[in-house]
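Residue numbers (my numbering), protein chains in the order written: chain A, 8 to 382; chain B, 22 to 307; chain C, 255 to 547.
What follows is a short report on a single structure.
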């Protein structure tokens with residue numbers, strides 16, 4: 008009896024390391040994501056999460072590092088900076104993720120970035136477009152094109168149409184909008200446009216009549232608006248009420264890049280142009296398949312945020328594969344060497360971990376509630 | 022003797038939460054002080070913002086060491102507390118409440134429009150100077166201090182004012198002076214918590230000190246009760262930990278705060294832990 | 255440009271005045287700072303939205319029905335929250351806190367049910383035509399609001415001055431206990447006041463929602479802060495004060511934005527609030543406020 012149990016024990020001792028070796032091989036690779044899933048800005052975070060999970064499904068069919076699945080843990084920051092920091096600490100300290108995707112807003116990245124950077128966890132922003140994001144630290148990357156790359160392209164279309172004078176409006180209580188305005192102003196000056204006036208408003212304002220009346224009296228060729236989609240819609244609606252017609256070109260920043268613009272502003276948004284790194288009929292290799300798969304899974308159309316997240320997840324998976332191990336340092340080094348073709352087009356990082364090229368930017372125009380390519 | 026790795030990990034993972042417990046405790050106390058004197062001020066968030074901004078500016082632009090920055094950050098809150106408090110003293114309590122809401126909004130406009138304080142982008146890169154022992158040390162001191170005050174004749178006067186200000190005034194208590202003192206104390210506590218919070222999370226913005234945080238602070242105090250200083254701190258801890266325990270539910274924090282305030286005012290005027298303070302007897306039976 | 259800006263200011267001010275009417279009524283009569291008022295504002299707009307979108311009603315019917323709906327909701331909620339506080343010594347503060355808590359929960363519930371998105375009335379509900387005289391441009395919706403504000407204020411004043419109900423309301427406002435002794439059913443009168451206040455809020459919500467063509471659960475909240483300024487500057491409890499203060503605030507805001515700096519537009523309202531509290535807290539028409547506990 009004793010010999011048998013000794014034998015069993017011995018067998019167990021020999022088998023155990025073998026078992027743990029195989030289970031280590033099958034152990035999923037933990038990756039974290041922090042997005043806004045509740046509260047007023049949830050539309051962006053939910054779209055991003057949808058994009059991430061669609062990509063995850065496709066990635067996990069083959070897995071990474073020889074068959075290991077990626078386990079994605081998504082934490083909700085609710086748009087709250089403290090909650091975002093909390094989420095980052097939990098993902099790193101408790102879930103031991105090797106990399107983090109997100110957070111959604113530039114504001115949150117400024118708070119979260121220092122924390123993850125200190126712990127040397129590569130952090131990949133997909134929707135953060137303010138300036139200075141990648142200055143936070145050498146583990147902070149982003150795939151989202153900063154406004155400073157997109158807006159000059161949009162303005163080129165405007166000047167090609169003969170625009171010479173412009174009025175600028177922006178929401179002054181939101182970091183993204185203010186940052187976008189700084190870029191618009193600099194780009195307008197560089198393009199040789201004459202800025203007739205600069206007006207600001209609050210993101211939650213409903214009345215822009217004072218600012219719009221002043222602008223109308225100055226008769227600029229174009230009006231640039233840097234704000235999130237809801238205030239932009241409000242401005243457009245009131246502008247039409249005050250008599251702005253087709254002779255004034257409205258130019259939007261990244262906040263206008265949302266299907267909600269057509270939903271809220273309706274016909275008032277017709278004719279607005281905005282630069283975007285992606286739109287639904289873009290003819291890159293993976294895009295039609297991506298759009299079809301997204302529609303199949305979620306029964307609605309993807310937007311720019313979902314598309315960027317989809318690519319980002321795949322970029323991360325590719326980096327993990329290239330790193331050869333589920334190790335944060337190696338993944339960071341591998342990310343820097345990314346050379347990827349996605350639904351957004353070809354993608355690489357600069358030395359400063361920003362997107363290397365703005366070649367994929369298209370200028371869109373809104374007509375009848377839908378975006379199409381601007382001429 | 023260094024800490025075991027797992028403990029170190031846990032502390033790091035939950036550091037923000039732990040610090041929040043301390044900071045929210047201080048905020049709850051700042052609310053307690055005015056409520057205990059029978060006033061309603063919704064200015065704690067505004068004072069917190071003043072403390073945060075002045076603390077951050079003192080550290081980043083003036084380069085002062087933290088032990089100077091902490092008290093320095095209380096100057097602006099006190100100045101504004103006096104500016105708001107003095108004119109509203111002779112008015113009914115509702116005016117103070119509305120004036121403090123107004124103050125918060127005016128300050129927000131200032132933060133947004135003045136580039137020196139960062140405008141809409143806020144202040145970034147504040148060095149992490151607030152340590153756990155500082156936060157909880159101050160919390161302990163404040164709680165102990167308020168406890169001692171509560172047991173003294175000041176505390177008796179405040180309770181009298183809270184129950185019936187006219188009668189208290191008839192008994193010779195200078196209601197206006199106590200109200201002002203309470204408001205200033207509340208500003209100091211809120212200012213300190215703002216300064217600590219700024220040096221803990223490295224980034225502050227103009228939209229963080231408005232109406233919603235003010236209401237949250239109110240709910241801390243109302244939940245715990247205002248019979249003694251431990252109660253509001255307990256209320257703060259409960260409400261800070263609650264979202265952690267309810268992670269899978271959508272963000273109903275604000276709704277929950279609202280319901281708590283309604284229930285507390287209607288049914289629990291003394292809060293959950295509303296025991297009164299025992300005081301040293303004066304003469305026969307107090 | 256000045257003419258158009260003045261018109262803009264008057265129109266904006268009319269929206270503020272409209273919003274403040276019911277709010278100041280509640281305070282003047284029942285001594286309640288009723289923060290749930292903002293919710294009734296949103297509720298009225300959503301009721302009208304539902305009626306126009308799903309039932310196909312026109313504005314002429316949707317507006318009063320939205321108002322009535324909001325009024326009924328107001329009676330129900332106020333009866334739930336306020337009676338208990340009526341006899342407390344710190345009734346004003348307690349009512350502020352209770353209605354504050356309630357409105358937060360209500361907004362959150364409404365957002366959870368209806369989603370935070372901005373919605374619009376079906377297009378073509380109000381003619382989009384605008385009139386243009388001497389360089390000033392005004393739309394139909396804006397004229398509607400202006401007219402409605404004046405009409406509602408006049409109706410309210412007439413009600414209070416010339417009807418028995420108005421007399422009962424004024425009696426309760428003056429001294430509830432004495433009014434009760436004189437045979438006035440104080441509880442019922444309070445409910446009527448709640449209804450009126452809620453209905454005014456609801457009407458305001460529909461009209462303002464039409465003007466800006468943006469309806470979302472929190473629309474009441476952004477008006478609320480302006481509402482405080484208007485009722486304090488106008489004098490708490492005074493309808494004429496609400497109208498005049500509302501118009502003044504609108505004009506000052508617009509002129510500041512148009513001629514000084516648009517970034518200061520928001521701050522102006524609160525700067526005025528703080529200034530008034532410092533110098534003449536009873537506002538334009540309010541009763542002199544003495545030392546209260």
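Ideal Cβ positions, reconstructed from N, Cα and C, are used throughout, including at glycine.
Could you check whether residue 34 of chain B and residue 101 of chain A sit closer than 8 Å to each other, using their CB atoms as the reference points? Within the first chain, the letter at position 94 stands for residue 101 of chain A. Within the second chain, the letter at position 13 stands for residue 34 of chain B. Yes, they are a contact pair.
Proximal residues to residue 209 of chain B (C-beta, below 6 Å), its chain only, five neighbours per side dropped: Translated into the one-based positions of the second chain, residue 209 of chain B becomes position 188. Around residue 209 of chain B: 95.
Ordered along the chain, which non-local residues of its own chain (more than five positions away) have a Cβ less than 7 Å from that of residue 288 of chain A? As a first step, residue 288 of chain A must be located in the first chain, where it is residue number 281. Nothing listed; no residue qualifies.
8 Å is my cut-off, CB to CB: does residue 133 of chain A come that close to chain B? Counted from its first residue, the first chain places residue 133 of chain A at position 126. Chain B contact via Cβ: absent.
Proximal residues to residue 494 of chain C (C-beta, below 8 Å), its chain only, five neighbours per side dropped: To locate residue 494 of chain C, count along the third chain from 1; it is residue 240. Non-local beta-carbon contacts of residue 494 of chain C in its own chain, meaning distances under 8 Å to residues more than five positions away in sequence, involve 407, 411, 488 and 539 in chain order.
Residue(s) in a DSSP beta bridge with residue 519 of chain C: Along the third chain, read from residue 1 onward, the residue named residue 519 of chain C stands at position 265. None, per the DSSP bridge assignment.
Got a sec? Which residues, its chain only, sit under 6 Å from residue 76 of chain A by beta carbon, not counting five neighbours each side? The residue you call residue 76 of chain A lines up with position 69 of the first chain. Its chain contains 35, 67 and 70 as the residues whose beta carbon lies nearer than 6 Å to that of residue 76 of chain A, once the 5 sequence neighbours on both sides are disregarded; these appear in chain order.
Per-residue DSSP class, three states only, for residue 346 of chain A: Taking the first residue of the first chain as position 1, residue 346 of chain A is located at position 339. In the three-state DSSP reduction, residue 346 of chain A falls in the strand class (E or B).
Taking C-beta to C-beta, are residue 107 of chain A and residue 136 of chain A nearer than 8 Å? As a working mapping, residue 107 of chain A is identified with position 100 in the first chain. As a working mapping, residue 136 of chain A is identified with position 129 in the first chain. No, they are not a contact pair.
Compute the Euclidean distance between the alpha carbons of residue 157 of chain B and residue 125 of chain A, then round it to the nearest angstrom. The sequence position of residue 157 of chain B within the second chain is 136, counting from 1. The sequence position of residue 125 of chain A within the first chain is 118, counting from 1. C-alpha of residue 157 of chain B to C-alpha of residue 125 of chain A: approximately 24 Å in a straight line.
Name the residues in the region 212–243 of chain B whose C-beta lies less than 8 Å from a C-beta of chain A; which are they? Within the region 212–243 of chain B, contact with chain A at the beta-carbon level (separation under 8 Å) is assigned to 222, 223, 224, 226, 227, 228 and 229.
Taking the CB atoms as reference points, tell me whether residue 67 of chain B and residue 179 of chain A lie closer together than 8 Å. One-based indexing of the second chain puts residue 67 of chain B at position 46. One-based indexing of the first chain puts residue 179 of chain A at position 172. No.
Put residue 337 of chain A into one of helix, strand or coil per three-state DSSP. Position 330 of the first chain, counted from the first residue, corresponds to residue 337 of chain A. Annotated three-state conformation of residue 337 of chain A is helix, per DSSP.
Within 8 Å, strictly: CB atoms of residue 257 of chain A and residue 61 of chain A: Residue numbering aside, residue 257 of chain A sits at position 250 when the first chain is read from its first letter. Residue numbering aside, residue 61 of chain A sits at position 54 when the first chain is read from its first letter. Against a cut-off of 8 Å, the Cβ pair of residue 61 of chain A and residue 257 of chain A comes out as no contact.
Chain B contacts from the region 91–102 of chain A (Cβ-Cβ distance under 7 Å): Within the region 91–102 of chain A, the residues whose Cβ lies closer than 7 Å to some Cβ of chain B are 92, 93, 96, 97, 100 and 101, listed in chain order.
Would you kindly report the start and end of the unbroken beta strand (DSSP E) that includes residue 373 of chain A? Taking the first chain and counting its residues from 1, the one referred to as residue 373 of chain A is at position 366. For residue 373 of chain A, the enclosing beta strand (DSSP E) covers residues 369–374.
Under the criterion of a Cβ to heavy atom distance below 7 Å, does residue 166 of chain A qualify as lining the ligand ATP? As for the ligand ATP, it is missing from this structure, which has no ligand bound.
If I measure Cβ to Cβ from residue 505 of chain C and keep anything under 7 Å in the same chain, skipping five residues before and after, which residues do I get? Walking along the third chain from the start, residue 505 of chain C turns up at place 251. Non-local C-beta neighbours of residue 505 of chain C in its own chain, meaning closer than 7 Å and more than five positions away in sequence, comprise 260, 263, 264 and 267, ordered along the chain.
Would you tell me roughly how many angstroms separate the C-alpha atoms of residue 502 of chain C and residue 278 of chain C, rounded to the nearest one? For the purposes of this step, residue 502 of chain C is taken as the residue at position 248 of the third chain. For the purposes of this step, residue 278 of chain C is taken as the residue at position 24 of the third chain. Taking the straight line joining both Cα atoms gives about 16 Å.
Residues of chain C with CB closer than 9 Å to the CB of residue 208 of chain A, please, in chain order. Here residue 208 of chain A is taken as the residue at index 201 of the first chain, counted from 1. Under the 9 Å cutoff, chain C gives 511, 516, 517, 519 and 520.
With DSSP as the reference, identify every bridge partner of residue 207 of chain A, one or two as the case may be. As a working mapping, residue 207 of chain A is identified with position 200 in the first chain. According to DSSP, which records beta bridges pairwise, residue 207 of chain A is partnered with A:177.
Distance check for residue 282 of chain A and residue 28 of chain A, CA to CA, integer angstroms please. On the first chain, residue 28 of chain A is found 21 positions in, with the first residue counted as 1. On the first chain, residue 282 of chain A is found 275 positions in, with the first residue counted as 1. Confidence in residue 28 of chain A is poor, its pLDDT being 46 and thus under 50, which makes the residue's placement unreliable; the coordinate value appears in the next sentence. Put simply, the backbone Cα of residue 28 of chain A is about 50 Å away from that of residue 282 of chain A.
Can you list the alpha helix (DSSP H) stretches of 4 or more residues lying completely in the region 366–408 of chain C, in chain order? For the region 366–408 of chain C, not a single whole alpha helix (DSSP H) run of length 4 or above is found.
Got a sec: is the Cβ-Cβ distance from residue 74 of chain B to anything in chain A below 8 Å? In the second chain, the residue the question calls residue 74 of chain B occupies position 53. Cβ-Cβ to chain A under 8 Å: no for residue 74 of chain B.
When you compare the CB of residue 29 of chain A with every CB in chain B, is at least one pair closer than 8 Å? Position 22 of the first chain holds residue 29 of chain A. Because the pLDDT of residue 29 of chain A is 47, which lies under 50, any placement of that residue in the model is unreliable, and the number read from its coordinates should be weighed accordingly. The Cβ of residue 29 of chain A sits no closer than 8 Å to any Cβ of chain B.
For residue 204 of chain B, return the contacting residues in chain A, with the cut-off set at a CB-CB distance below 8 Å. Sequence index remark: in the second chain, residue 204 of chain B carries index 183 (1-based). Think of a sphere of 8 Å around the beta carbon of residue 204 of chain B: no beta carbon from chain A falls inside it, the nearest being about 27 Å out.
Could you pull out every residue in the same chain whose Cβ sits closer than 8 Å to the Cβ of residue 440 of chain C, ignoring the five residues on either side in sequence? Residue 440 of chain C sits at position 186 when you count from the first residue of the third chain. 426, 430, 433 and 434, listed in sequence order.
Could you tell me whether the Cβ of residue 381 of chain A comes closer than 8 Å to any Cβ of chain B? Numbered from its first residue, the first chain carries residue 381 of chain A at position 374. Not closer than 8 Å to any Cβ of chain B, the Cβ of residue 381 of chain A fails to qualify, so no.
Counting only Cβ pairs nearer than 9 Å, list the residues of chain B close to residue 186 of chain A. Residue mapping note: residue 186 of chain A aligns to position 179 of the first chain, counting from 1. Result: 141 and 142.
Distance check for residue 289 of chain C and residue 527 of chain C, CA to CA, integer angstroms please. Indexing the third chain from 1 puts residue 527 of chain C at position 273. Indexing the third chain from 1 puts residue 289 of chain C at position 35. So the alpha carbons of these two residues sit roughly 18 Å apart.
Consult DSSP for residue 45 of chain B and reduce its assignment to one of helix, strand or coil. For this step, residue 45 of chain B is matched to residue 24 along the second chain. Residue 45 of chain B: helix per DSSP, three-state reduction.
Output needed in chain order: residues of the region 58–92 of chain A with a Cβ under 9 Å from some Cβ in chain B. The residues in question are 82, 83, 85, 86, 87, 88, 89, 90 and 92.
Measuring only the C-alpha atoms, how far is residue 246 of chain C from residue 236 of chain B? The displayed coordinates of chain C run from 255 to 547. Any statement about residue 246 of chain C would go beyond what the structure contains.
What are the complete beta strand (DSSP E) segments, minimum 3 residues, inside the region 159–217 of chain B? Not a single unbroken stretch of the beta strand (DSSP E) spanning 3 or more residues falls wholly within the region 159–217 of chain B.
Below 7 Å CB to CB, which residues in the same chain sit around residue 381 of chain A once its five sequence neighbours on both sides are set aside? Position 374 of the first chain holds residue 381 of chain A. Hits under 7 Å: 164, 280, 370, 371 and 372.
How many Å lie between residue 114 of chain B and residue 242 of chain A at the Cα? To locate residue 114 of chain B, count along the second chain from 1; it is residue 93. To locate residue 242 of chain A, count along the first chain from 1; it is residue 235. The alpha-carbon atoms of residue 114 of chain B and residue 242 of chain A are separated by roughly 39 Å.
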